[in-house]
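Asker:
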Amino acid sequence: MKAASFPSKFANLSLPSGRCALYFRSPATFLSPALSSPVSTPCRKLTRRRKGIEGLMSQTSSSQLFSSLSTSFTPQPESELAQVQLSSPKPKSPPPQFPWLIVGLGNPGKKYQGTRHNVGFEMVDALAYAEGIPMNTVNFKALFGKGVIGNIPIMLAKPQTFMNASGESVAQIVSFYKIPLKQVLVVYDDLDLPFGKLRLLPKGGHGGHNGMRSIIDRLKGSRDFPRLRIGIGRPPGKMDTANYVLRQFNKQEQEELDYTFQTGLEAVRIMLLEGFNKSATFVNTQKSMEQLS
1 MKAASFPSKF ANLSLPSGRC ALYFRSPATF LSPALSSPVS TPCRKLTRRR
51 KGIEGLMSQT SSSQLFSSLS TSFTPQPESE LAQVQLSSPK PKSPPPQFPW
101 LIVGLGNPGK KYQGTRHNVG FEMVDALAYA EGIPMNTVNF KALFGKGVIG
151 NIPIMLAKPQ TFMNASGESV AQIVSFYKIP LKQVLVVYDD LDLPFGKLRL
201 LPKGGHGGHN GMRSIIDRLK GSRDFPRLRI GIGRPPGKMD TANYVLRQFN
251 KQEQEELDYT FQTGLEAVRI MLLEGFNKSA TFVNTQKSME QLS
């Protein structure tokens, strides 16, 4: 494409003082048709001092300008950045989550299986079976197992020291794992509750129960741990209490006891996942078989 050529008379055009030519896209309109001379408009004089980068450029060379700008954006040394990062507060780690210890009281050996004095053992066995927690380890003088319910770690224990020395096993477990007493649930039989009735309490005395007496003694006299009492009722007539608690259940009693264990399982789950108070309300307002039938 050839460069556009203009008439030679345009080359020597001069404009009056103080006039600026207006340039258009089309050469045909470059001259005013009436005046046959360039269209011009008065030039506005700058009456204010130029500011910003133009003013700076008028006083400073480009090399000096960009030198000053570059120094204002100089990156920090890595050591300074590391100090800034180190000085930022670290997120707090969550407090350690202690496991729950659930202890069932009873006597070891086949001789005592299925007796009233061993309902604590049976409750823990039912919980282990329902939650898939193996209890094939002998530790701390107890049959011992570890597992979780929901996201809560738990330990199950059946002391093998015989009932009257249950505190030896419980105190060892509590001391070794540093378990808060408010997270030690003891399950045992209670003569003062009607058969199959449950009672969940946050603390209390031994009530004449030798297993609970041993635990309180071994915990330096502290009674501030929860307990789940399972009612076995009073002996009929003039039957000796010792003989009664070592007596096995008949078929009807065993069926009712199975419902009691189901209620106990639900109570433990509620206690671990929703809190002790809600579990106590659930347990202590139950009517045993009527609730589940």
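Using full-length UniProt numbering, the first residue of the sequence shown is number 1, and each one after it goes up by one.
A virtual CB, placed ideally from N, CA and C, is assigned to each residue, including glycine.
Remember, it's a predicted structure, so these values are computed and weren't measured experimentally.
Which stretch, first to last residue, makes up the alpha helix (DSSP H) that contains residue 123?
Answerer: Residue mapping note: residue 123 aligns to position 123 of the sequence shown, counting from 1. Here the alpha helix (DSSP H) through residue 123 covers 119 to 131.
Asker: Just the Cα atoms here: how many angstroms apart are residue 247 and residue 123?
Answerer: Here the question's residue 247 lines up with position 247 in the sequence shown. Here the question's residue 123 lines up with position 123 in the sequence shown. Cα to Cα, residue 247 sits roughly 17 Å from residue 123.
Asker: Is the beta carbon of residue 223 less than 7 Å from the beta carbon of residue 171?
Answerer: On the sequence shown, position 223 is the one that residue 223 refers to. On the sequence shown, position 171 is the one that residue 171 refers to. No, these two residues do not count as a Cβ contact at 7 Å.
Asker: Could you pull out every unbroken alpha helix (DSSP H) segment of at least 4 residues lying fully inside the region 187 to 273, listed in chain order?
Answerer: Complete alpha helix (DSSP H) runs here, min 4: 210 to 218, 241 to 245.
Asker: Taking 6 Å as the cut-off, is the beta-carbon of residue 119 closer than that to any non-hydrogen atom of the ligand GTP?
Answerer: In terms of ligand content, the structure shown is empty, and the ligand GTP therefore cannot be addressed.
Asker: For the beta strand (DSSP E) containing residue 154, name the first residue and the last one.
Answerer: Here residue 154 corresponds to residue number 154 of the sequence shown, with the count starting at 1. Residues 152 to 159.
Asker: By Cβ distance, which residues of its chain are closer than 8 Å to residue 185, with the 5 residues on each side in sequence left out?
Answerer: In the sequence shown, residue 185 corresponds to position 185, counting from 1. Only 100, 101, 102, 103, 225, 226, 227, 228, 268, 271 meet the Cβ criterion.
Asker: Compute the distance between the beta-carbons of residue 121 and residue 173, then report whether it is under 7 Å.
Answerer: Mapped onto the sequence shown, residue 121 falls at position 121. Mapped onto the sequence shown, residue 173 falls at position 173. Not in contact: residue 121 and residue 173 (Cβ atoms no closer than 7 Å).
Asker: Grab the span of the alpha helix (DSSP H) containing residue 284 for me, first residue to last.
Answerer: By one-based count along the sequence shown, residue 284 stands at place 284. 276 to 284 is the span of the alpha helix (DSSP H), which, as asked, contains residue 284.
Asker: Can you tell which of 182, 283, 265 has the C-alpha that lies nearest to the C-alpha of residue 372?
Answerer: Coverage of the chain is limited to positions 1 through 293, which leaves residue 372 absent and any answer about it impossible.
Asker: Can you say whether residue 239 is buried or exposed, counting buried as having 16 or more other CB atoms within 10 angstroms of its CB?
Answerer: Walking along the sequence shown from the start, residue 239 turns up at place 239. That one is exposed.
Asker: Which class does residue 185 belong to by DSSP, given the choice of helix, strand or coil?
Answerer: Numbered from its first residue, the sequence shown carries residue 185 at position 185. Three-state DSSP puts residue 185 in a strand.
Asker: Does the count of Cβ pairs from the region 275 to 287 and the region 106 to 117 closer than 8 Å reach three?
Answerer: The region 275 to 287 vs the region 106 to 117: no contact.
Asker: Thinking just about the alpha-carbon of each residue, which of 159, 151, 236 is nearest to the one in residue 118?
Answerer: Looking up residue 118 in the sequence shown gives position 118. When each option's Cα is compared against that of residue 118, the closest is 159.
Asker: Going by CA-CA distance only, name the one from 215, 161, 177, 283 that's closest to residue 153.
Answerer: Mapped onto the sequence shown, residue 153 falls at position 153. Comparing Cα-Cα distances from residue 153 to each of 215, 161, 177, 283, the minimum goes to 177.
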